[in-house]
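Down below is the structure, laid out as structure tokens.
2 protein chains.
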Amino acid sequence: MRVTAGEARTVAIGALATAGVPAEAARLQAEVLVEADLRGHHSHGLLRLPRILERISRGLAAPTAVGKHRWAAPAMLDVDGGDGLGPVVAMAALDRISVRARQLGMACAVIHSSNHLGMLAWYVESIARAGQIGIATTISEALVHPWGGRLAMQGTNPLAIGIPATPDPLVLDMSTGLISMGKVHDYALRGRRLEPGWALDASGEPTTSADAAKTGSIAPFGGAKGYALGLALEVLVGSLTPSALGTAVRGTLDSAHPCNKGDVFIVLQPASPGRVTPVSDYLGQVRQTPTAPSDTPVSVPGDGARRRREQALRKGIDVADPVWAQLRATAQSSQPDR
Amino acid sequence: MRVTAGEARTVAIGALATAGVPAEAARLQAEVLVEADLRGHHSHGLLRLPRILERISRGLAAPTAVGKHRWAAPAMLDVDGGDGLGPVVAMAALDRISVRARQLGMACAVIHSSNHLGMLAWYVESIARAGQIGIATTISEALVHPWGGRLAMQGTNPLAIGIPATPDPLVLDMSTGLISMGKVHDYALRGRRLEPGWALDASGEPTTSADAAKTGSIAPFGGAKGYALGLALEVLVGSLTPSALGTAVRGTLDSAHPCNKGDVFIVLQPASPGRVTPVSDYLGQVRQTPTAPSDTPVSVPGDGARRRREQALRKGIDVADPVWAQLRATAQSSQPDR
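Here's what the structure looks like:
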């Protein structure tokens with residue numbers, strides 16, 4: 001089913017409202033999901049909304065929670081998410097630390113007991129568009145094996161960085177896994193084989209069977225370095241907030257467990273005025289650098305997502321038929337007059 | 339020539355003293371270099387000292403400068419390094435922001451006009467051993483080509499993260515280049531060919547000739563993601579401090595130009611007490627995870643460097659004969675009575 005972003009938002013907001021999510025929170029959660037679909041990150045798009053609704057109905061996600069804030073120190077906001085929706089808890093915290101970073105130069109929010117954030121790019125881009133630098137990381141269920149190891153011991157632990165620039169900010173948002181578990185499931189559905197080196201099976205042997213990889217583990221991106229970076233992010237999160245770690249992490253992919261991972265956001269206020277111009281000039285040089293024959297132009301982080309978004313705003317976004325049908329039915333169940 | 343760490347320190351301190359570096363600054367600069375050799379990172383070891391001495395003699399490095407400090411905001415220290423020695427300027431700044439982080443929860447130092455830092459691991463490990471979390475990044479001359487690009491447009495931009503743990507901290511220190519330019523030069527000296535995919539020649543064509551790669555560019559690690567991370571770090575540094583960017587960066591590898599790159603250090607005070615134990619338990623689980631047949635045990639970032647250091651403390655470190663002879667001669671020239 002191809003729908004416009006507006007239709008997608010309306011239906012998502014309606015479904016969330018039916019589940020008891022207040023209007024502003026529903027708008028925010030819907031926005032983060034639809035923006036992921038617009039950028040082509042469908043694994044973080046509306047596909048996730050049925051599970052969010054199920055988690056609310058089972059009491060695993062609290063529809064009205066925004067998080068309890070405690071300033072552990074003037075620049076360090078400790079947030080107990082109270083099982084709230086990830087974007088709702090995160091944006092309430094970001095509002096606080098953005099103000100604090102303007103006063104102090106930087107500030108950090110460490111969050112636990114909050115649900116899945118969705119696409120991190122959305123948060124750091126919004127910070128960068130407001131003139132500050134945003135850094136975000138979070139962890140997931142253990143899906144990635146250590147370099148040289150046989151079993152999943154760390155999450156796909158993404159790192160996102162948003163930095164002001166013209167005409168658009170630099171927006172990095174990268175998983176530290178070589179591929180996503182969503183891609184493994186997609187390959188399994190389509191009967192495609194994985195590339196060698198992408199995954200191990202449940203016993204730790206290399207496999208190109210997507211079905212076997214579903215119960216196994218994904219390789220880290222970039223070999224030993226990517227493994228080390230992903231592990232460092234897991235430990236960074238676990239050092240700053242009472243997050244579960246490694247194989248104990250639950251609740252970002254299921255509808256059975258409270259979400260026990262942590263999130264870390266850092267906002268920096270650029271100290272040197274006037275750095276946007278030289279940085280933007282440099283990014284322009286990078287974009288114009290010669291490319292290998294027949295290749296596309298060099299992209300700066302965020303460019304590809306922006307191009308996909310512009311196209312999807314014109315052409316609409318693809319939502320799986322059963323997902324759309326379910327969301328429409330849920331959304332309309334609370335609006336008997338329509 | 340194989341020398342003990344003590345001999346290496348003594349000679350390095352002597353050579354720096356001869357060049358007019360005050361005792362404590364000389365001890366610090368020598369320590370950072372010798373510790374790199376001890377960990378097997380010879381490209382950041384004593385090999386660099388002759389160039390540091392030459393830079394001092396040419397007025398490109400100021401032997402007594404420690405940096406001018408200005409608090410741009412309570413948690414944001416802006417440092418004009420005054421062309422001081424990298425470790426001297428950095429440690430003076432780190433002393434300030436470590437105290438500030440204990441008060442505010444976190445603090446940042448942004449540094450410009452300072453010389454080469456050497457191995458970043460040294461800084462973040464010292465922060466972690468003092469119970470705080472350290473994050474460090476810096477940039478270099480453009481040596482790495484963008485993903486899909488043909489020319490070097492960004493530095494090897496390392497990222498280092500140190501996090502308290504028992505028995506030893508996690509210490510990540512990774513370049514965002516696939517290999518170092520030092521390795522390219524080493525291969526060229528030995529007449530070895532590079533692996534395919536490691537480098538491009540000066541015209542942007544793939545090459546396995548180390549000689550051709552010396553004037554070309556290195557691939558980013560981890561493909562598009564590693565490129566994006568390295569670029570984000572370059573822009574992060576350039577947004578926070580008046581650093582040159584891309585092909586305009588000079589002075590970390592030569593004896594002809596002022597060093598015009600920037601450095602960024604962040605210190606975080608863990609907000610949640612008692613997280614060292616669960617984090618350390620998790621790292622223990624990672625180390626004990628099953629490995630692929632015949633592989634070595636899984637390492638946590640910092641483990642390998644620590645093993646190499648322990649061995650080198652027993653067996654000594656290798657220093658190239660001409661480097662050692664030059665340093666000894668320089669060190670002794672100021673000590674006529676010995």
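Order-wise, the sequence lines are chains C and E.
Using my numbering, the final residue of the first sequence is 338, and nothing's skipped along the way.
Using my numbering, the final residue of the second sequence is 676, and nothing's skipped along the way.
For each residue, glycine too, the CB sits at the ideal point set by N, CA and C.
Computed from a predicted model, the values in this text were never measured in an experiment.
In or out: residue i buried (at least 16 other Cβ within 10 Å) or exposed?
{"i": "residue 6 of chain C", "result": "exposed"}
{"i": "residue 131 of chain C", "result": "exposed"}
{"i": "residue 166 of chain C", "result": "exposed"}
{"i": "residue 408 of chain E", "result": "exposed"}
{"i": "residue 58 of chain C", "result": "exposed"}
{"i": "residue 314 of chain C", "result": "exposed"}
{"i": "residue 406 of chain E", "result": "exposed"}
{"i": "residue 176 of chain C", "result": "buried"}
{"i": "residue 424 of chain E", "result": "buried"}
{"i": "residue 256 of chain C", "result": "exposed"}
{"i": "residue 296 of chain C", "result": "exposed"}
{"i": "residue 164 of chain C", "result": "buried"}
{"i": "residue 555 of chain E", "result": "buried"}
{"i": "residue 191 of chain C", "result": "exposed"}
{"i": "residue 39 of chain C", "result": "buried"}
{"i": "residue 421 of chain E", "result": "buried"}
{"i": "residue 150 of chain C", "result": "buried"}
{"i": "residue 660 of chain E", "result": "exposed"}
{"i": "residue 667 of chain E", "result": "exposed"}
Write down the C-beta distance between residue i and residue j rounded to the nearest angstrom, noting that I regard them as a contact closer than 8 Å.
{"i": "residue 30 of chain C", "j": "residue 16 of chain C", "result": "6 Å"}
{"i": "residue 548 of chain E", "j": "residue 522 of chain E", "result": "5 Å"}
{"i": "residue 571 of chain E", "j": "residue 497 of chain E", "result": "6 Å"}
{"i": "residue 636 of chain E", "j": "residue 148 of chain C", "result": "5 Å"}
{"i": "residue 119 of chain C", "j": "residue 237 of chain C", "result": "Their Cβ separation, rounded to whole angstroms, is 17 Å, which puts residue 119 of chain C and residue 237 of chain C out of contact at 8 Å."}
Straight-line CA distance for residue i to residue j?
{"i": "residue 81 of chain C", "j": "residue 27 of chain C", "result": "18 Å"}
{"i": "residue 72 of chain C", "j": "residue 292 of chain C", "result": "50 Å"}
{"i": "residue 647 of chain E", "j": "residue 205 of chain C", "result": "33 Å"}
{"i": "residue 11 of chain C", "j": "residue 48 of chain C", "result": "14 Å"}
{"i": "residue 553 of chain E", "j": "residue 99 of chain C", "result": "47 Å"}
{"i": "residue 155 of chain C", "j": "residue 140 of chain C", "result": "4 Å"}
{"i": "residue 480 of chain E", "j": "residue 664 of chain E", "result": "30 Å"}
{"i": "residue 640 of chain E", "j": "residue 564 of chain E", "result": "20 Å"}
{"i": "residue 230 of chain C", "j": "residue 512 of chain E", "result": "12 Å"}
{"i": "residue 91 of chain C", "j": "residue 153 of chain C", "result": "29 Å"}
{"i": "residue 338 of chain C", "j": "residue 289 of chain C", "result": "Confidence at residue 338 of chain C is low in this model, with a pLDDT of 42, below 50, so the placement of that residue should be treated as unreliable; the coordinate-derived value is given next. Cα to Cα, residue 338 of chain C sits roughly 54 Å from residue 289 of chain C."}
{"i": "residue 9 of chain C", "j": "residue 93 of chain C", "result": "23 Å"}
{"i": "residue 262 of chain C", "j": "residue 670 of chain E", "result": "56 Å"}
{"i": "residue 75 of chain C", "j": "residue 518 of chain E", "result": "37 Å"}
{"i": "residue 445 of chain E", "j": "residue 320 of chain C", "result": "46 Å"}
{"i": "residue 654 of chain E", "j": "residue 642 of chain E", "result": "17 Å"}
{"i": "residue 1 of chain C", "j": "residue 252 of chain C", "result": "26 Å"}
{"i": "residue 620 of chain E", "j": "residue 284 of chain C", "result": "43 Å"}
{"i": "residue 463 of chain E", "j": "residue 13 of chain C", "result": "47 Å"}
{"i": "residue 264 of chain C", "j": "residue 109 of chain C", "result": "6 Å"}
{"i": "residue 545 of chain E", "j": "residue 525 of chain E", "result": "13 Å"}
Can you tell which of the options has the C-alpha that lies nearest to the C-alpha of residue i?
{"i": "residue 416 of chain E", "options": "E:661, E:604, E:472", "result": "E:604"}
{"i": "residue 19 of chain C", "options": "C:55, C:46, C:41, C:9", "result": "C:55"}
{"i": "residue 23 of chain C", "options": "C:201, C:196, C:63", "result": "C:63"}
{"i": "residue 101 of chain C", "options": "C:83, C:134, C:209, C:228", "result": "C:134"}
{"i": "residue 122 of chain C", "options": "C:209, C:271, C:88, C:216", "result": "C:88"}
{"i": "residue 138 of chain C", "options": "C:331, C:183, C:235", "result": "C:235"}
{"i": "residue 520 of chain E", "options": "E:339, E:341, E:383", "result": "E:383"}
{"i": "residue 403 of chain E", "options": "E:378, E:451, E:446", "result": "E:451"}
{"i": "residue 128 of chain C", "options": "C:4, C:158, C:149, C:162", "result": "C:162"}
{"i": "residue 516 of chain E", "options": "E:483, E:671, E:389, E:464", "result": "E:483"}
{"i": "residue 34 of chain C", "options": "C:329, C:330, C:324, C:332", "result": "C:324"}
{"i": "residue 527 of chain E", "options": "E:507, E:510, E:550, E:667", "result": "E:550"}
{"i": "residue 157 of chain C", "options": "C:228, C:171, C:298", "result": "C:228"}
{"i": "residue 21 of chain C", "options": "C:53, C:116, C:42, C:3", "result": "C:53"}
{"i": "residue 455 of chain E", "options": "E:625, E:597, E:644, E:624", "result": "E:597"}
{"i": "residue 592 of chain E", "options": "E:525, E:508, E:625, E:389", "result": "E:389"}
{"i": "residue 453 of chain E", "options": "E:588, E:525, E:650, E:433", "result": "E:588"}
Given 8 Å, three or more beta-carbon pairs between the region 230-243 of chain C and the region 616-628 of chain E: yes
Contact between the region 547-566 of chain E and the region 220-238 of chain C (3+ Cβ pairs under 8 Å): yes
Three CB pairs or more closer than 8 Å across the region 527-541 of chain E and the region 595-612 of chain E: no
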